[in-house]
Amino acid sequence: MNNQSCIEIGNEWGIVSARQAGRELSKNIGFGSVDQARITTAISELARNIYLYTEIGQIELTSVVKDNDGREGIKVVARDKGPGIENLRDVMVDGFTTSGGLGAGLPGVKRLMDEFDIESMPGEGTTITTVKWLR
Amino acid sequence: MRIPILKLGRYLLISVQVELDDQTALQFQEDLLNKIHQEGSLGVVIDLTSVDMIDSFIAKVIGDVVEMSNLMGAKVVLTGIQPAVAITLIDMGVSLQEVQTALDLEQGLERLQQELGG
Numbered sequence: 001m002n003n004q005s006c007i008e009i010g011n012e013w014g015i016v017s018a019r020q021a022g023r024e025l026s027k028n029i030g031f032g033s034v035d036q037a038r039i040t041t042a043i044s045e046l047a048r049n050i051y052l053y054t055e056i057g058q059i060e061l062t063s064v065v066k067d068n069d070g071r072e073g074i075k076v077v078a079r080d081k082g083p084g085i086e087n088l089r090d091v092m093v094d095g096f097t098t099s100g101g102l103g104a105g106l107p108g109v110k111r112l113m114d115e116f117d118i119e120s121m122p123g124e125g126t127t128i129t130t131v132k133w134l135r
Numbered sequence: 136m137r138i139p140i141l142k143l144g145r146y147l148l149i150s151v152q153v154e155l156d157d158q159t160a161l162q163f164q165e166d167l168l169n170k171i172h173q174e175g176s177l178g179v180v181i182d183l184t185s186v187d188m189i190d191s192f193i194a195k196v197i198g199d200v201v202e203m204s205n206l207m208g209a210k211v212v213l214t215g216i217q218p219a220v221a222i223t224l225i226d227m228g229v230s231l232q233e234v235q236t237a238l239d240l241e242q243g244l245e246r247l248q249q250e251l252g253g
């Protein structure tokens with residue numbers, strides 16, 4: 001089983017590739033259809049942010065094992081060298097958007113996944129790390 | 136890639152069978168509105184049975200096309216939204232309010248017939 005992949009997001013086709021890779025890996029790990037949809041949707045949102053706001057970035061997918069109880073999960077890391085996010089608090093508010101979208105992206109991803117961490121330096125880029133664990 | 140739009144009397148039927156990328160979704164929006172205009176359609180059923188993921192962008196495109204069709208005078212019913220898709224949309228906080236839905240294509244057509252008085 002291929003338990004790691006990295007998808008470059010340079011154009012909108014990258015969004016579809018990342019989504020497909022995410023669905024395949026989450027299926028292999030053993031996630032049910034609802035969690036597969038949650039994970040795929042989260043990946044799609046993260047990939048779209050890279051596509052919309054930065055020149056290039058990547059989505060890294062890894063299967064992981066939890067230290068304390070050995071549960072399996074999927075880790076999704078979205079990394080870009082874009083402009084960074086000035087105000088992290090704003091982007092986590094439902095309905096906040098600078099692109100004319102629904103403003104559901106990042107807060108949505110946080111709700112879809114179990115763990116969510118965002119690091120951003122204006123001018124240097126953004127790294128978002130999320131994990132979903134098998135129940 | 137283009138999503139086929141079928142004509143059935145005064146209605147249009149669409150079954151989305153492809154992985155929805157952004158461009159396909161936007162192209163569909165335009166194609167559907169043009170088709171409504173061309174055919175003078177009164178109602179549209181968009182069947183999403185084969186769609187396994189709707190993210191916030193696709194949700195916005197779908198919500199918008201429903202509203203645009205309504206502006207033109209055509210009623211739209213979405214059908215076949217999968218359980219996993221419904222759960223994910225609500226998790227995301229995306230509510231397709233004011234959008235008519237039905238369980239499947241058959242009930243979608245019935246809904247249109249009721250609304251439009253046969």
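Going line by line, the protein sequences match chains A and B. Each step along the first sequence adds one to the number in the working numbering, with nothing skipped, and position 126 is 126. Each step along the second sequence adds one to the number in the working numbering, with nothing skipped, and position 50 is 185. Ideal placement from N, C-alpha and C gives every residue a C-beta, glycine not left out.
- Here the C-alpha atom of A/V109 lies approximately 34 Å from the C-alpha atom of B/N169.
- Per DSSP, the unbroken alpha helix (DSSP H) holding B/M227 starts and ends at 218-227.
- Here the alpha carbons of B/Q173 and A/I59 stand approximately 42 Å from one another.
- Contact check for A/R71 and A/L134: beta-carbon distance about 6 Å, within the 8 Å limit, so the pair qualifies.
- Taking C-beta atoms as the reference points, B/I138 and B/Q158 fail to come closer than 9 Å.
- Distance between A/E8 and A/I56, taken at the CA atoms: about 7 Å.
- Cβ-Cβ separation between A/G84 and A/E45: approximately 18 Å, too far for a contact (criterion under 8 Å).
- Apart from sequence neighbours up to five positions away, the residues of its chain that approach B/Q162 with a beta-carbon distance below 7 Å are R137, ordered along the chain.
- For A/P107, the chain B residues whose C-beta falls within less than 9 Å of its own C-beta are M227, G228, listed in chain order.
- If you look at B/L141, you'll find it in the beta strand (DSSP E) that goes 141-143.
- A straight line joining the alpha-carbon of B/V180 with that of A/G105 spans about 27 Å.
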